[in-house]
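A.B. asks:
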Amino acid sequence: MEGNINLWQSVLDSLEQKISRTNLITWFRDIDIKQQKDNQVVISVPNIFVREWLHNKFERDLLEAFQKFSPEVKNIKYTISKTANSLDASKTNKKENLLLSDISQPKIEFYQNRLSGLNPKYNFKNFIVGQFNQLAHACALSVLKNPASINPLFVYGGVGLGKTHLLEAIGNEIVNSRKKKKVKYIPCPNFTSQIVTAIRNQGIERVVDMYSEYDVLIIDDIEFIAGKERTQEVFFRVFNNIKENDKQIIMSSDRPPQAIENIEARLRSRFEGGMITDINLPDYEERLAILEQKMEEKGGILPQETLEFIAKNIKRNIREIEGALIKSLIIFEQERSFEKVKKSLEDMIFEPKRRISPEKIIQTVCDFYNISSKEVLSKTRKKEIVLPRQLIMYLLREEVSLSLPSIGVKLGNKDHTTIGYGCGKIEEKIKKDVEFLKDIELIKERVQNT
Ligand code: ADP
Ligand code: MG
322 MEGNINLWQS
332 VLDSLEQKIS
342 RTNLITWFRD
352 IDIKQQKDNQ
362 VVISVPNIFV
372 REWLHNKFER
382 DLLEAFQKFS
392 PEVKNIKYTI
402 SKTANSLDAS
412 KTNKKENLLL
422 SDISQPKIEF
432 YQNRLSGLNP
442 KYNFKNFIVG
452 QFNQLAHACA
462 LSVLKNPASI
472 NPLFVYGGVG
482 LGKTHLLEAI
492 GNEIVNSRKK
502 KKVKYIPCPN
512 FTSQIVTAIR
522 NQGIERVVDM
532 YSEYDVLIID
542 DIEFIAGKER
552 TQEVFFRVFN
562 NIKENDKQII
572 MSSDRPPQAI
582 ENIEARLRSR
592 FEGGMITDIN
602 LPDYEERLAI
612 LEQKMEEKGG
622 ILPQETLEFI
632 AKNIKRNIRE
642 IEGALIKSLI
652 IFEQERSFEK
662 VKKSLEDMIF
672 EPKRRISPEK
682 IIQTVCDFYN
692 ISSKEVLSKT
702 RKKEIVLPRQ
712 LIMYLLREEV
722 SLSLPSIGVK
732 LGNKDHTTIG
742 YGCGKIEEKI
752 KKDVEFLKDI
762 ELIKERVQNT
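Dropping the structure here:
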């Protein structure tokens, strides 16, 4: 294949949407694609432990991620190799590995700086500017030029529109140009779980001190702080310390500060006290420009009509545009046909919102917790059954909009007050337990996509 389309990198990028960064770094770091043949992918892992963990915990996500780019992949095999990244060319048949030579890049790009938390792949050079993000970009440059002059910088916009990219690019630029500056990038869910741990270990003061020392603190997806009172309290203190010392705070969110519910008024007014800027959707010409530039970066070639087709049809965000581009490059390389490319993009273009059945929710939750639906519908009070049962109640209310009495009927004729109580329990738990919230997101995702 011409160019260097890195399938593994694309798979990682796609997994990044589902799996926490910490997990990604822990489990997916020393992995590479060893072989892709017919419907099987062989990946090399550093040891048995990682193999077991991937197999048990992440195989489904991994498979889904592969299928996004290579729909024919049906199963994953693992091979243990100390030199996980080297491809033994002498043993491989040239033709069948045409794809492989390019997808097994010697070193994966997924990498996060341990100290700063920044991923160096995000920079200004590969950040495309158009009308849709011009203001956000200008604010970013202004922060670079005069740190702490705009404080905080608050960037908001829908998913996949480049908030993380822009924030990390600012961080990387500062790290590279002013070596002495201490920069920290942290996604809000990670920040929250750090605080939960600190509360347990009586380490709050240390956390406040640690964060107050940064010259530039970047918190991504700050909307996650909603409803988390202790995290808000800690962040408020950190915020004040940093600001008082003329250091810089940068945040992103999927919505403007006034639309974040359940945050303390004093914190909201802090968010509003600097510069608020949004990132909009790129229009057709901008989408085409993004595609052209990204294609060049990836070193691939697609006919103009294909690029125009993608730009016309994939509109939701830049992440999807990028996904469609990579998929098209791979398919076009294999098939040399615009029609085949079009066909491969169908599922990205037409996405009828599927109706979710209550049974689907019950089954997905049971599968997730590895329990039987019979037990969930029974009257047992076993702890390992009660929580999933309450979660089902909650999801039936939130995702299917069933009334409490009809949820009661679905769950083996339970009283509506029991259902109300169960939903309340889940709401409480969500506020305190980030891991649980992530589980719920995962479950919802599976309900939607399987
Ligand atoms: P968000 O944080 O808003 O959900 P991301 O920053 O993760 O979005 O962006 C999603 C993908 O789109 C990333 O791969 C990112 O590099 C790419 N991207 C977003 N905006 C731009 C841009 N202006 N120029 C180039 N790539 C972009
Ligand atoms: Mg983001």
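So the sequence shown is numbered by my numbering: it starts at 322 and just counts up by one.
Here a beta-carbon is modelled for each residue, glycine too, at the ideal position from N, C-alpha and C.
This one's a predicted model, so the numbers in the text were calculated from it and none came from an experiment.
1. Per DSSP, N396 is paired with what?
2. Between I728 and R718, what straight-line distance do the alpha-carbon atoms span, to the nearest angstrom?
3. Compute the beta-carbon to beta-carbon distance between I369 and P473, rounded to the nearest angstrom, for a pair I have assumed lies under 8 Å.
4. Return helix, strand or coil for P679, following the three-state DSSP convention.
5. By a C-beta neighbour count over all protein chains shown, 10 Å radius and 16 as the cutoff for buried, is F671 buried or exposed?
6. Say yes only if the C-beta of T485 is nearer than 7 Å to one or more non-hydrogen atoms of the ligand MG, and no if none qualify.
7. Compare the beta carbon distance of L482 and I539 with 8 Å and say whether it is the shorter of the two.
8. For the ligand ADP, any of its heavy atoms closer than 7 Å to the Cβ of E544?
9. For the stretch 649 to 667 against the stretch 611 to 625, do three or more pairs of beta-carbon atoms, one drawn from each stretch, fall closer than 8 Å, so that the two count as touching?
10. Determine the DSSP secondary structure at Q338, reduced to helix, strand or coil.
11. Can you tell me the Cβ-Cβ gap for R342 and N511, rounded? I've got them flagged as a contact below 8 Å.
12. Just reading off the alpha helix (DSSP H) that P804 is part of, what are its end residues?
13. Which one of E554, E762, T513 has the shortest CA to CA distance from E720?
14. Under the assumption that F659 contacts I764 (Cβ atoms under 8 Å), give the Cβ distance between them as a whole number of angstroms.
15. Exposed or buried, what is Y742 when buried is set at 16 or more other beta-carbons lying within 10 Å of its beta-carbon?
16. Can you name the start and end residues of the alpha helix (DSSP H) that F475 belongs to?
17. What is the C-beta distance between V768 and I677, in whole angstroms, given that I count them as a contact (C-beta under 8 Å)?
18. May I ask which residues mark the beginning and end of the beta strand (DSSP E) holding I807?
19. For G548 and I581, what's the separation of their Cα atoms in angstroms?
20. Which runs of the beta strand (DSSP E), 3 residues or longer, sit entirely within the stretch 552 to 618?
21. List the whole-angstrom C-beta distance separating L612 from L628, where the pair is believed to meet the contact cut-off of C-beta under 8 Å.
22. Identify whether Y715 lies in helix, strand or coil by the three-state DSSP scheme.
23. Taking all protein chains shown into account, decide if G492 is buried (16 or more other Cβ within 10 angstroms of its Cβ) or exposed.
24. Near V371, which residues of its chain fall below 7 Å by C-beta distance, leaving aside the five closest residues on each side in sequence?
25. Give the C-beta separation of V755 and V517 to the nearest angstrom, bearing in mind that I take them to be a contact with Cβ-Cβ under 8 Å.
26. Going by C-alpha to C-alpha distance, which of Q684, K700, V476 sits closest to D599?
27. According to DSSP, is V371 part of a helix, a strand, or is it coil?
28. Give the DSSP-derived three-state secondary structure of K378 in the structure shown.
29. Hey, does K735 have any beta-carbon neighbour from chain B nearer than 8 Å?
30. Name the two residues that bound the continuous beta strand (DSSP E) containing L538.
31. Is V480 a contact residue of the ligand ADP, with contact defined as CB to any heavy atom under 7 Å?
32. Determine the burial state of R608: buried for a count of at least 16 other Cβ atoms within 10 Å of its Cβ, exposed for fewer.
33. I want to check one thing, is the minimum distance from the CB of D604 to the heavy atoms of the ligand MG below 7 Å?
34. Can you tell me the Cβ-Cβ gap for E766 and K339, rounded? I've got them flagged as a contact below 8 Å.
35. Are the CB atoms of K505 and Y535 within a distance shorter than 8 Å?
C.D. replies: Judging by the given coordinates:
1. For N396, which the question treats as bridged, DSSP gives the partners Q361.
2. 8 Å
3. Contact flag wrong, Cβ pair sits at about 46 Å.
4. helix
5. exposed
6. yes
7. No, these two residues do not count as a Cβ contact at 8 Å.
8. no
9. yes
10. coil
11. The Cβ separation is near 7 Å, so the contact holds.
12. The structure shown does not extend to residue 804, since the chain spans only 322 to 771, so no value can be given for it.
13. E762
14. Between I764 and F659 the Cβ distance is about 38 Å, and since that is not below 8 Å, they are no contact.
15. exposed
16. That residue, F475, is in no alpha helix (DSSP H); its beta strand (DSSP E) goes 474 to 477.
17. 6 Å
18. In the structure as shown, the chain begins at 322 and stops at 771. Residue 807 is therefore absent and cannot be evaluated.
19. 10 Å
20. Entirely contained in the stretch 552 to 618, the beta strand (DSSP E) runs reaching 3 residues are, in chain order, 569 to 574, 596 to 599.
21. 5 Å
22. Three-state DSSP puts Y715 in a helix.
23. buried
24. If the five residues before and after V371 are omitted, its C-beta is found closer than 7 Å to the C-beta atoms of W348, all from its own chain and listed in chain order.
25. 7 Å
26. V476
27. helix
28. helix
29. Chain labels in this structure do not include chain B; a single protein chain is all it has.
30. 537 to 541
31. yes
32. buried
33. no
34. Right, the Cβ-Cβ distance comes to about 7 Å (below 8 Å), so this counts as a contact.
35. Yes. Within cutoff.
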